[in-house]
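Quick note, the sequence shown lines up with residues -44 to -1, 1 to 191 if you use mature numbering (1 follows the signal peptide of the UniProt record, and there is no 0).
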Amino acid sequence: MCRWTVTQGAAVAWLSSFPCRGPPSLFLPLSFLLLLLLLGPSSSSTDSERNHAPRATPTPPWREPLLASSARLPRATNVSLSSATVVGRHVRSSYKHLQGDVRWRKLFSYQKFFLRIGKHGNVNGTKREDDPYSILEIKSVDVGVVAIRGLSSNHYLAIRKNGVLYGAKDFGPDCRLVERIEENKYNTYASAEWRTKANKSMFVGLNAKGKPMKGRKTKRKNPSTHFLPMVVPPR
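Shown next as C-alpha cells:
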C-alpha cells in the first residue's frame, strides 16, 4: 500500500514501508489529478479577483481639458460696416417711389375745418367746401417728409422756429413737414426742422374756431393736429 502526502503547489509522495498493491501506471494519473485540484482554485481565484477589481472610470469628454489648438469656440457673427451700409441703402431705396409723388388733397381737420392757405400767405380754417384756397398740393420731398402748397395762393405751408404757422412764397426749411398716419387714421404734420426747447415736435393745428395754433402748444395726440386727407380730382 502506498501513502501520499500532498502540499499546495506540488505533490510529494512518501512511499511507506508497505509494498504497493496497485499497478505503477496508476500513480502518474493520480498525481496529475492532485496537481490540477491544487492549482485550479488558485487560478480561478486570481480570475475572480481580476473580475471584481475596481475599474478606472473613463473621464467624460466634456471634463477633459481642452487644448488651445483643439478648442472650438463659438464665433460671433460680425456685420461689417460696408454690409450695414448696403442694407441701409436698400431700405432707403425701397421708399424712392414716394419721392416726387404729387397729390391733390383737402385737409379736413378733426375740428371740421378745411385747412386753407390764403392769397397773402395767411393760414386758417374754413367751413366752405368750395373754397379754392383749400385745395392743396402735397408733394413728397424725402422719406416721410412732404411739402404742402396752396394751388390758388402758390404759398407753402410752413412752421417758423417759434412755432408760428404761415404761408411761405418759396420752399425752404420751414416748409419741410413730417407726415404720419396716426392710430385713428388721421394724419399729422410736424416740422422736420424745428422742435421745442423740450425737444418735442411742433405740429400743424387748428383750434375749435379754425384759427392756427402755435406749434409749441400742440401735441401729437391732440385732435386739433389731426387732419383727414380728402382726394381732389386734378383740374
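The C-beta atom is built at its ideal place from N, Cα and C for all residues, glycine as well. Being a predicted model, the structure only gives us computed values, none of them experimental.
### Whole-angstrom distance between LYS68 and LYS83, CA atom to CA atom
7 Å
### Span separating the alpha-carbon of VAL58 from that of GLY161
22 Å
### Contacts around ARG105, its chain only, beta-carbon distance under 6 Å, and the 5 residues preceding and following it disregarded
GLU93 and TYR112
### Query
Which stretch, first to last residue, makes up the beta strand (DSSP E) that contains SER65?
58 to 65
### Message
Helix, strand or coil for LYS52? Go by DSSP, reduced to three states.
### Response
Interpretation of LYS52 is limited by its pLDDT of 46, a score under 50 that renders its predicted location unreliable; the figure taken from the coordinates is listed afterwards. In this structure, LYS52 counts as helix in the three-state DSSP scheme.
### 7 Å Cβ shell around PRO129 - same chain, five flanking residues per side excluded
GLU149
### Query
Is the distance from the Cβ of ASN163 to the Cβ of SER180 below 8 Å?
yes
### Message
Once the 5 residues before and after SER36 are set aside, which same chain residues still bring their CB inside 6 Å of it?
### Response
No answer about SER36 holds up, because its pLDDT of 38 lies below 50 and its placement is not dependable.
### Task
Leaving aside the five residues before and after ALA114 along the sequence, list all residues of the same chain whose C-beta is less than 6 Å from its C-beta, in chain order.
TYR122, ALA124, ASP130 and CYS131
### Nearest-angstrom Cβ-Cβ length linking GLY100 and GLU135, presumed shorter than 8 Å
6 Å
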